[in-house]
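In what follows, a single structure is set out as structure tokens and then discussed.
Number of protein chains: 2
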Amino acid sequence: MTSRAADLFRVEDEVGVLIRRIKHVIAERACEVHPELHPMSYPLLAHIGRCGPLRAVALCDAFAMDKGGVSRQVQGLVDLGLIERQPDPEDRRATLLAMSPEGTRRMSAVSRSRSDRFAERLISWTDADLAAFADQLGRYNAALGD
Amino acid sequence: MTSRAADLFRVEDEVGVLIRRIKHVIAERACEVHPELHPMSYPLLAHIGRCGPLRAVALCDAFAMDKGGVSRQVQGLVDLGLIERQPDPEDRRATLLAMSPEGTRRMSAVSRSRSDRFAERLISWTDADLAAFADQLGRYNAALGD
DNA sequence: GGAATATGGTTGCGTACTGCAACTGTTGCT
DNA sequence: AGCAACAGTTGCAGTACGCAACCATATTCC
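Those protein sequences? They're chains P and L, same order as listed. Under the working numbering, the letters of the first sequence match residues 1 to 146, in that order. Under the working numbering, the letters of the second sequence match residues 1001 to 1146, in that order.
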């Protein structure tokens, strides 16, 4: 087995581990943001927060998930008052999803919070490490894209 | 927001995207290895393949998942003949899980396969990129550990 | 040696997530 | 106007998984 093949396998294995372990962190985060926030909705909320107002179909593309699931999760976020629906001026079929003031407030409260034990665990990472890791994740996700 | 905080948020977002998108790749892989292999069992199989014979409880730790779920998935892998149970000489309560010849054969067949479109998508990554990414994922997973 | 406790693993149960498909309402093309 | 394409919603069903109760073997402590 070539070293490249071994590394491909290693990445595969580590990603497999990641997607299981991360669920606990995500659940914890979701609970901190809002006790009734469904864990799996947190990534959508974070994405809306980071990538600005966008359509539901953009979430389907970004997360490669079904329209139905997105619709339900978005409904949950709206019900909790964390995001708001705005009519899309460019297309009356669509609605834009944006963080609500409440959602923004709660998200930033959590990221400043001491209870963010996860960030503490990355304390040994330099800023450059972190930025490089984010870049690579982005490249990897792009490679996963259709 | 500091640049470090922004990068933490970016990592969080990218990981959120990853764990959704990767499921499609995993499902594809699982199907290539064995058409009846449950998608979510593939990561366990890969881990057994890479980390040698180990106990079910080691899988619980590695993936931070429940004993019950592991037990069921392992049963599935055994039923498909991809892994074998061996008595653990050090503890008669435990059983060691190891790749079967059939499992090894199928896994290596897939990794050599032309149908591994995923590896092709990473063709622009240098060997060093890949190794560095694997390392960082490992560090990240370690940070997620209890 | 024997009881109490801890550990590896299995199974039953309930729930959450999500893909699929059918449906509504809007837009754009011809 | 009519039809195809697209944004989003909802019902249905299957899968995956955590929890708790359980059995078997090990270990600890008296």
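Glycine included, each C-beta is placed from N, C-alpha and C at the ideal position. Small disclaimer: the values here were computed from a predicted structure and weren't measured.
Strand pairing of residue i, partner residues [DSSP]
i: L82(P); result: For L82(P), which the question treats as bridged, DSSP gives no partner whatsoever.
i: A1054(L); result: One point to set straight first is that residue 1054(L) is Leu, not Ala, in the sequence displayed. Partner(s): L1097(L).
i: P87(P); result: T95(P)
Given residue i as reference, the closest of the options once Cα atoms are compared
i: L1137(L); options: T2(P), M99(P), I22(P) and Y42(P); result: I22(P)
i: G52(P); options: F118(P), D61(P) and M99(P); result: M99(P)
i: E1084(L); options: P1043(L), R1055(L), A1062(L) and A1131(L); result: R1055(L)
i: R4(P); options: E1012(L), D1091(L), Y1140(L) and L1122(L); result: L1122(L)
i: A94(P); options: E32(P), S71(P), V110(P) and R112(P); result: S71(P)
i: H1024(L); options: A1046(L), P1039(L), E1012(L) and L1045(L); result: P1039(L)
i: P1087(L); options: L1097(L), S1113(L) and L1044(L); result: L1097(L)
i: A1058(L); options: V17(P), L82(P) and G49(P); result: V17(P)
i: G1069(L); options: A142(P), D127(P), R20(P) and D13(P); result: R20(P)
i: E36(P); options: L77(P), E120(P) and D129(P); result: L77(P)
For residue i, the three-state DSSP class (helix, strand or coil)
i: L1059(L); result: helix
i: L1122(L); result: coil
i: P35(P); result: coil
i: P1043(L); result: helix
i: A1064(L); result: coil
i: T104(P); result: helix
i: S71(P); result: helix
i: S111(P); result: helix
Boundaries (first-last residue) of the beta strand (DSSP E) holding residue i
i: L96(P); result: T95 to M99
Segment limits, alpha helix (DSSP H) that includes residue i
i: A1132(L); result: D1127 to L1144
Against chain P: residues of the stretch 1015 to 1040 of chain L by CB proximity under 7 angstroms: V1015, G1016, V1017, L1018, I1019, R1020, R1021, I1022, H1024 and V1025
Between the stretch 80 to 110 of chain P and chain L, which residues of the former have CB atoms less than 8 angstroms from a CB of the latter, in chain order? none
Give me the subset of the stretch 126 to 141 of chain P whose CB atoms are less than 8 angstroms from a CB atom of chain L, sorted by chain position. D127, D129, L130, A131, A132, F133, A134, Q136, L137, G138, R139, Y140 and N141
Return the residues of the stretch 2 to 16 of chain P that lie within a Cβ-Cβ distance of less than 8 angstroms from chain L, sorted by chain order. Residues of the stretch 2 to 16 of chain P with a C-beta atom less than 8 angstroms from some C-beta of chain L are S3, R4, A5, D7, L8, F9, R10, V11, E12, D13, E14, V15 and G16, listed in chain order.
Residues of the stretch 1041 to 1062 of chain L whose Cβ lies closer than 7 angstroms to any Cβ of chain P, in chain order: P1043, A1046, H1047, R1050 and A1062
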